[in-house]
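Residue numbers (this note's numbering): 58 to 771.
Cβ atoms here follow ideal geometry from the backbone N, Cα and C, with glycine treated the same way.
Fair warning: this is a prediction, and the values are worked out from it, not measured in the lab.
The structure under discussion appears below in the form of structure tokens.
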């Protein structure tokens, strides 16, 4: 609309003029200032306002413009033209300083009337609400009304501008608050960083203090450790001294035990010899030649001496070793027993001589009474009968009672020993493992015995001795000891004796020279551990009854296979081994037995007799000759025994031994030939050649494979 544009242009012109800058304050209401105080008074216009209006408005000025009746025109500077156009002059000085009059636009009468009505109808707010409302404004002219509207529009514009400035100020305040908050946040961060720095410094100081205390503690610990090492060194020295003292005491105790065992063995040997001599005091069976001499005094004294020795031996069964006084008593008893035997033998010799003289005198009288021919015939018959009697007298098919008793006692010892370690056959793994390790420790060293040199043989002997003494030994890389089980010693002794006999049955049977290294180790073990020797004899007698000697009879109800086993044959599935294999095994065990009785371990301090020496070999040979020979067996075992042990028996018994050999050749050998078939003459021929050569040269060579001094130094 063009009029609206003119109005705005007028207002802009008034605003930009020096006099049109009105001051508006938003605090008018608070200060109770009358906003419309300037509108009540009659305003006067400048003399130039007419020209401005003419220039701005293309239309002619209205003829009349009136204000309300309540507005009076008091301006004296109204021009003549004002009456014509009836305009109300408004002085710029009358307008409020805070408002500037906008330019006045020219309106039509209809518009003026309409605006006047609107102004009259609109109430005017008073600055002071307690004061009565001002009188109504009488619009005298449309220009004044237009001016009032322009002023109101200007106020609204200023309000909008104030709002914009207020929003800008709020934004500025928010930015200031945000900046202050950011600065406070940064200060808080710096404070937190400062506090963290303080904490790190305190932590560092505490860590330094702890490290210092740790170093001091380590120093104290090192000092305590050094003191502990020093104390341990002193304790170790004391323990070493105590251990050395204990070892010295143990060595003294061991020497005492060894001396006690040696005295005990000597005492047993004395008792055995006393008992044997006492048997010689027994009267011979009565004969038809005349009454036997009276042996009662000798028998009584012999029994007294045996009781005296038995009393000394009885004290040793209580776990005590015989003292020197006991040994002196036993030796005196032995000497007296020998004296009794010599006196009895001399008496018997004198009686025999007297009896012989009487017989000769009787024969002489008989010869004188009979014819010479009859005397010759009788003499010839007497010689034949004498030979037959000598050939049959004293021979028997079984061993004597003492030998059988000894044999049964040894078998009972072996049986009791086997029963004692039955609990080692338990099914638990630990016991089985221990049993296997003990058996290996006992049998493996015996299998390693060889005749190469003396040093390995000594190591084997020491290992066996340690095992039997209860000390730990190493077997298959493991340490084992008989003390790990209550019956470990019995088990090891039994298996060790069994292995020695098995070596004779297998190794010596194939290599005759092996009898000497195996025999010397067995003899040494027997000397230090007599129980093992008894078990060796028990196993040997069971495997080879001819080593007793004993020819077991066939009992009622016994099968042939069982009887063959008792005789020493191997029976597998009712198949009996061949005679050659049987004789080979028997030969090996007899050779081992012959080697044991003549050898002693050279590294012992024993001074007493051999625990099972040559006297037992002499007894064995004598008992063999008192028994009827067996085909092929007797010749084999006598030849093997004499080939191994003949040289030692010759040196020991000298003339008596040669008499025994002569007896074998002249009296016993014909009996062997009588029971030997034509297909079994090999062993008989070897025995015959040996006897003839030995009797012709009066010498028995040393056995092949005998251990010499060079062997023990190797």
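query, result
"Between residue 393 and the rest of its own chain, which residues show a CB-CB distance below 7 Å, the 5 nearest in sequence each way excluded?", "362"
"How many whole angstroms separate the CB atoms of residue 722 and residue 748, which I take to be in contact at a CB cut-off of 8 Å?", "5 Å"
"Tell me whether residue 357 is buried or exposed, calling it buried when 16 or more other Cβ atoms sit within 10 Å of its Cβ.", "exposed"
"With C-beta atoms as the reference, is residue 563 less than 8 Å away from residue 761?", "no"
"At the level of alpha carbons, what is the spacing between residue 615 and residue 623?", "11 Å"
"Output needed for residue 633: all residues of its chain with C-beta closer than 7 Å, excluding positions within five of it in sequence on either side, in chain order.", "621, 626"
"Would you call the CB atoms of residue 709 and residue 573 closer than 8 Å?", "no"
"By the 10 Å Cβ neighbour count, where 16 or more other Cβ atoms means buried, how is residue 203 classified, buried or exposed?", "buried"
"Can you find at least 3 beta carbon pairs, one from the segment 636–647 and one from the segment 596–612, that sit closer than 8 Å?", "yes"
"Look at the alpha carbon of residue 292 and the alpha carbon of residue 305, and state the distance between them as a whole number of angstroms.", "19 Å"
"Under a three-way DSSP split, which group does residue 457 fall into?", "coil"
"Below 8 Å between beta carbons: does that hold for residue 537 and residue 498?", "yes"
"Helix, strand or coil, according to DSSP, for residue 611 in the structure here?", "coil"
"Which residues bound the alpha helix (DSSP H) around residue 755?", "Segment: none, residue 755 is in no alpha helix (DSSP H) and carries neither H nor E."
"At the level of alpha carbons, what is the spacing between residue 71 and residue 234?", "41 Å"
"Return the CA-CA distance between residue 478 and residue 549, expressed in angstroms with no decimal places.", "10 Å"
"Considering only their Cβ atoms, is the gap separating residue 379 from residue 321 smaller than 8 Å?", "yes"
"Is it buried or exposed for residue 754, if we count other Cβ within 10 angstroms and need 16 for buried?", "exposed"
"Taking just the CA atoms, how far does residue 579 sit from residue 467?", "17 Å"
"Assign residue 605 to one of three DSSP states: helix, strand, or coil.", "coil"
"DSSP three-state call for residue 535: helix, strand or coil?", "strand"
"Going straight from the alpha carbon of residue 420 to that of residue 383, what length do you get?", "54 Å"
"Can you give me the Cβ contacts of residue 353 inside the same chain, cut-off strictly under 8 Å, excluding the 5 residues immediately before and after it?", "none"
"With a CB to CB cut of under 6 Å and the five nearest residues on each side skipped, what residues in its chain are close to residue 686?", "728, 729, 732"
"Using the three-state DSSP reduction, which class does residue 689 fall into: helix, strand or coil?", "coil"
"Are residue 665 and residue 326 touching if we call contact CB-CB under 8 Å?", "yes"
"What does a CB cutoff of less than 6 Å around residue 681 pick up in its chain, not counting 5 residues either side in sequence?", "606"
"Rounded to a whole number of angstroms, what is the C-alpha to C-alpha distance between residue 276 and residue 258?", "27 Å"
"Once DSSP output is grouped into helix, strand and coil, what is the label at residue 448?", "Here the model assigns residue 448 a pLDDT of 47, short of 50, so the residue's position is not dependable and the matter cannot be decided."
"Which residue wins for smallest C-alpha separation from residue 471, given the options 567, 547, 770?", "547"
"Below 8 Å on the Cβ atoms is my contact criterion, and I expect residue 355 with residue 397 to pass it. Report the Cβ-Cβ distance as a whole number of Å.", "5 Å"
"Hey, would you say residue 558 sits closer than 8 Å to residue 521, going by beta carbons?", "no"
"Do residue 652 and residue 701 have their beta-carbon atoms positioned less than 8 Å apart in this structure?", "yes"
"CB-CB under 6 Å to residue 581, same chain, minus the five flanking residues each way: which ones, in chain order?", "518, 658"
"In this structure, what does DSSP give as the bridge partners for residue 629?", "632"
"Looking at the unbroken alpha helix (DSSP H) that takes in residue 377, where does it start and where does it end?", "Taken as a continuous stretch (DSSP letters only), residue 377 belongs to no alpha helix (DSSP H), as it is neither H nor E."
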